[in-house]
Amino acid sequence: MNMPLRIVISLVVALAAGGGYMAVDKMRGAEWVVSPQQIAEAKAKGQMGYESRPGTVTVLPIRSETADVLPMKWALIGVVAGFLAFRATGKKKAAKA
């Protein structure tokens, strides 16, 4: 396989892997302990704020301690996936008998 095609395939795989992990983390709200949406829903129900556990009401959003690391995680996953795709699309060496 020629080099430009290997690079394009690797970039597509890297973007898909990093973007996929980002989408999963965004869907499950990994960057928030208490999200602004949870507080808005609680206030719409007439409560003061989001009740995270009995007797504890949160009125302001709280970011997760690991929220700042998430973009680095997504980038690292993308780089590793791209590298593996680049290696997998290379020429196979002939086995020595």
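Here the sequence shown stands for residues 65 to 161, numbered as in our numbering. Idealized CB from N, CA, C, for every residue including glycine.
Enclosing beta strand (DSSP E) for GLU115 [first to last residue] = Residues 114 to 117.
query = Measuring CA to CA, which of THR153, GLU115 and GLY110 is closest to MET67?
reply = The candidate whose alpha carbon is nearest that of MET67 is THR153.
task = Look up VAL121 in the DSSP assignment and give the residues it is bridged to.
result = According to DSSP, VAL121 bridges with GLU115.
task = Kindly indicate which three-state DSSP category VAL144 falls into: helix, strand or coil?
result = Here VAL144 sits in helix by DSSP.
Contacting residues, own chain, Cβ-Cβ under 6 Å from GLY113 (five flanking each side not counted) = Answer for GLY113: ILE103, ALA106, VAL121, THR122 and VAL123, listed in chain order.
ask   = Taking the C-alpha atoms as reference points, what is the distance between GLY93 and ARG151?
value = Going by the C-alpha atoms only, they are around 33 Å apart.
query = Is the distance from the Cβ of VAL98 to the Cβ of ILE126 below 8 Å?
reply = In this structure, ILE126 lies closer than 8 Å to VAL98 by Cβ.
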